[in-house]
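*Asks:* Pasting in a structure now, in structure tokens, and then I'll have a few things to ask.
Number of protein chains: 2
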Amino acid sequence: MKIVFVGAGNLATQLGKAFKRTTHEVVQVYSRTQHSAAELASLLKCTYTTSLQEVTTEADLYVIAVKDAVMCEVIRQVCPHRSDKVFLHTAGSMPLSVFNTYAKHYGVFYPLQTFSKQKDLDFKQIPCFIEANDAIAKEVICNVANILSNTVYELSSAQRKYLHLAAVYACNFTNHLYDLSSEILSRNHIPFNVMLPLIDETTKKVHFCSPHDAQTGPAIRFDQNVIDAQLALLSEEPALQNIYRVLSDSIHEHFNVK
Amino acid sequence: MKIVFVGAGNLATQLGKAFKRTTHEVVQVYSRTQHSAAELASLLKCTYTTSLQEVTTEADLYVIAVKDAVMCEVIRQVCPHRSDKVFLHTAGSMPLSVFNTYAKHYGVFYPLQTFSKQKDLDFKQIPCFIEANDAIAKEVICNVANILSNTVYELSSAQRKYLHLAAVYACNFTNHLYDLSSEILSRNHIPFNVMLPLIDETTKKVHFCSPHDAQTGPAIRFDQNVIDAQLALLSEEPALQNIYRVLSDSIHEHFNVK
Chain A
4 MKIVFVGAGN LATQLGKAFK RTTHEVVQVY SRTQHSAAEL ASLLKCTYTT SLQEVTTEAD
64 LYVIAVKDAV MCEVIRQVCP HRSDKVFLHT AGSMPLSVFN TYAKHYGVFY PLQTFSKQKD
124 LDFKQIPCFI EANDAIAKEV ICNVANILSN TVYELSSAQR KYLHLAAVYA CNFTNHLYDL
184 SSEILSRNHI PFNVMLPLID ETTKKVHFCS PHDAQTGPAI RFDQNVIDAQ LALLSEEPAL
244 QNIYRVLSDS IHEHFNVK
Chain B
4 MKIVFVGAGN LATQLGKAFK RTTHEVVQVY SRTQHSAAEL ASLLKCTYTT SLQEVTTEAD
64 LYVIAVKDAV MCEVIRQVCP HRSDKVFLHT AGSMPLSVFN TYAKHYGVFY PLQTFSKQKD
124 LDFKQIPCFI EANDAIAKEV ICNVANILSN TVYELSSAQR KYLHLAAVYA CNFTNHLYDL
184 SSEILSRNHI PFNVMLPLID ETTKKVHFCS PHDAQTGPAI RFDQNVIDAQ LALLSEEPAL
244 QNIYRVLSDS IHEHFNVK
């Protein structure tokens, strides 16, 4: 199959590299910015364009991997003139229906992972969630999904938006807590790497028991002395203090109510 | 050396097991509750007591591993009658000075890790932070710390309380976010294990770059459409919605200001 990538961000880069290891061929990359388009095209050894009008009509599958904010506009410009082709987008929080009226055969391929351009991942290990509007789209998307990943699930748009929301808590917010932790350490001249074994173990624990059963710390021990002392340490950091209070209260509530 | 454990919780259990693999001997366990005392004593093949008055005076090192809330009282009862012995506590947020006036030779041994009774850990890999009030305590504590762990640091009480605070963000709060994530999934009939590759990768990333550089997600992309849509999904969950808003705002602020 000939594939076009519309978008050349982190996800597109890693997905493109994964396709390169299959028999499918990425024939063109589009990105709004010349640098990103050229960079990914060079990796995938294909052509590129920075104009949506110049996206080829000669491919079988179009992967729309752009920011949610511009996706509707991109779909509106790309799909209508290629109406016998299959389109998919890769966004967790965009519904299948974003293609309505613009395309005939379309779907979603949502790999649940955090991507960076530099760090290559084993796509086989990434849970991928697919959805399609008809049998033609479903066959194409199922086919590529199962070539790329060992764990492919069908999931409705309604469920997928909650999956994406859950991922924001488990990944984006978690990483921000690492960032805040690192700030506190750095202000006290302690290197962040001393925190890594603890971070690793916190992650490992939830492979063996539920996060609820794994909870530890002052908030679940209702250790008001420690909580008050730690809030006092943050007296000159109202934002950090607020996060501490909100999360401690939430832990407290979860273990009082349940 | 003969060692007494005052406390039989998660940390005491794992520390006791680690000592059992050395030439030092745990001779007695104290816990307020009969069950915990008996359980750890049976693991360590030593005697136990539930009365602080019955803690033996015949040991060389006393490890005080009790909840912060009761530590002062425990120290007041245990230390004075054993004044030539070495005492240490294992609490991140309690200062060295908690032993003042009650003991002569004392210190802190703070292993930066999350412990459960069941899950055994390789203590060698755990960064341990020590502090002592005199040369006698320092020699004893240094000696056991270096037998137990490959990475031992000296750290003042003032710095240790910030280390502990940073650990609350990186471990306890992070795990709570996993718990919230798991709740969202479960309400939508999606198993939590689909989240594990993403959680693992989020953790792996901060081994190679700073959490600040690793940040991804709608908040750092300033993707207000996604943020508003996700807040709307939580309209009937004010606590979850508040956490979403507070953490998104914090991410936003970190990437605007810096």
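Quick note, the sequences are listed as chains A and B, same order. With my numbering applied, the first sequence corresponds to residues 4 to 261, in that order. With my numbering applied, the second sequence corresponds to residues 4 to 261, in that order. The C-beta atom is built at its ideal place from N, Cα and C for all residues, glycine as well.
Tell me the DSSP secondary structure of residue 150(B) in three-state form.
*Replies:* helix
*Asks:* Would you check if the segment 92 to 109 of chain A and the segment 37 to 48 of chain A touch, i.e. whether three or more CB-CB distances between them fall below 8 Å?
*Replies:* no
*Asks:* Mapping the DSSP letters down to three states, classify residue 201(B) as helix, strand or coil.
*Replies:* helix
*Asks:* Within 7 Å (strictly less), CB to CB, does residue 198(A) reach chain B?
*Replies:* yes
*Asks:* Find the residues of chain B that neighbour residue 130(A), judging by a C-beta separation of less than 7 Å, and give them in chain order.
*Replies:* 197, 200
*Asks:* Closest by CA to residue 4(A), which one among 167(A), 17(A), 26(A)?
*Replies:* 26(A)
*Asks:* Does the segment 161 to 180 of chain B come within contact of the segment 181 to 190 of chain A, defined as at least 3 CB pairs closer than 8 Å?
*Replies:* yes
*Asks:* Taking only the alpha-carbon atoms, compute the straight-line gap between residue 261(B) and residue 157(B) and give it to the nearest angstrom.
*Replies:* Only weak support exists for where residue 261(B) lies, its pLDDT of 46 falling under 50; the value from the coordinates is given anyway. Going from the Cα of residue 261(B) to the Cα of residue 157(B) covers about 32 Å.
*Asks:* Could you run through the segment 224 to 236 of chain B and flag, in chain order, every residue whose CB is less than 7 Å away from some CB of chain A?
*Replies:* Among the residues of the segment 224 to 236 of chain B, those with a Cβ less than 7 Å away from any Cβ of chain A are 224, 226, 228, 229, 232, 233, 236, in the order of the chain.
*Asks:* Between residue 69(B) and the rest of its own chain, which residues show a CB-CB distance below 7 Å, the 5 nearest in sequence each way excluded?
*Replies:* 9, 10, 77
*Asks:* Which residue's Cα is closest to the Cα of residue 41(A): 64(A), 22(A), 61(A), 16(A)?
*Replies:* Measuring from the Cα of residue 41(A), the nearest candidate turns out to be 16(A).
*Asks:* My assumption, with CB atoms under 8 Å, is that residue 194(A) sits in contact with residue 129(B). Please give the rounded CB distance.
*Replies:* About 16 Å separates the two Cβ atoms, so there is no contact after all.
*Asks:* On the CB-based measure, 16 or more other CB atoms within 10 Å of its CB, does residue 136(B) come out buried or exposed?
*Replies:* buried
*Asks:* Say whether chain E places a C-beta atom closer than 7 Å to the C-beta of residue 78(B).
*Replies:* Protein chains in the displayed structure are A and B, and chain E is not among them.
*Asks:* Where do the ends of the beta strand (DSSP E) carrying residue 165(B) lie?
*Replies:* Per DSSP, residue 165(B) belongs to no beta strand (DSSP E); it is in the alpha helix (DSSP H), 160 to 170.
*Asks:* Please state the DSSP three-state secondary structure of residue 122(A).
*Replies:* Residue state, collapsed to three classes: coil.
*Asks:* Name, please, each residue of chain B whose Cβ falls closer than 7 Å to the Cβ of residue 99(A).
*Replies:* The contacting residues do not exist; residue 99(A) stays about 15 Å from chain B at best.
*Asks:* Give me the Cβ distance between residue 144(B) and residue 133(B), rounded to the nearest whole Å; I'm assuming they're in contact under 8 Å.
*Replies:* 5 Å
*Asks:* As an exercise, report each continuous beta strand (DSSP E) stretch of at least 3 residues that is fully enclosed by the segment 48 to 107 of chain B, in chain order.
*Replies:* 50 to 52, 64 to 67, 89 to 92
*Asks:* Would you please verify whether the beta carbon of residue 92(B) is less than 7 Å from any beta carbon of chain A?
*Replies:* Not an interface residue.
*Asks:* What three-state label does DSSP hand residue 232(A) in the structure shown?
*Replies:* In this structure, residue 232(A) counts as helix in the three-state DSSP scheme.
*Asks:* Please list the partners that residue 278(A) has in chain B, where partner means a Cβ-to-Cβ separation under 7 Å.
*Replies:* The structure shown has nothing for residue 278(A), since chain A only spans 4 to 261.
*Asks:* Whole-angstrom Cβ separation of residue 103(A) and residue 127(A), contact assumed at under 8 Å?
*Replies:* Their Cβ separation, rounded to whole angstroms, is 32 Å, which puts residue 103(A) and residue 127(A) out of contact at 8 Å.
*Asks:* Using the beta-carbon count (16 or more within 10 Å), is residue 123(B) buried or exposed?
*Replies:* So residue 123(B) ends up on the exposed side.
*Asks:* If I measure Cβ to Cβ from residue 110(B) and keep anything under 6 Å in the same chain, skipping five residues before and after, which residues do I get?
*Replies:* Leaving aside the five residues that flank residue 110(B) on each side, the residues in its chain whose CB is nearer than 6 Å to its CB run, in chain order, 91, 134, 135, 140, 144.
*Asks:* Classify residue 112(B) as helix, strand or coil using the three-state DSSP reduction.
*Replies:* Three-state DSSP puts residue 112(B) in a strand.
*Asks:* Does the separation of the CB atoms of residue 131(B) and residue 101(B) fall below 7 Å?
*Replies:* No, they are not a contact pair.
*Asks:* Smallest Cα separation from residue 223(B): which of 64(B), 252(B), 12(B)?
*Replies:* For residue 223(B), the nearest C-alpha among the options comes from 252(B).
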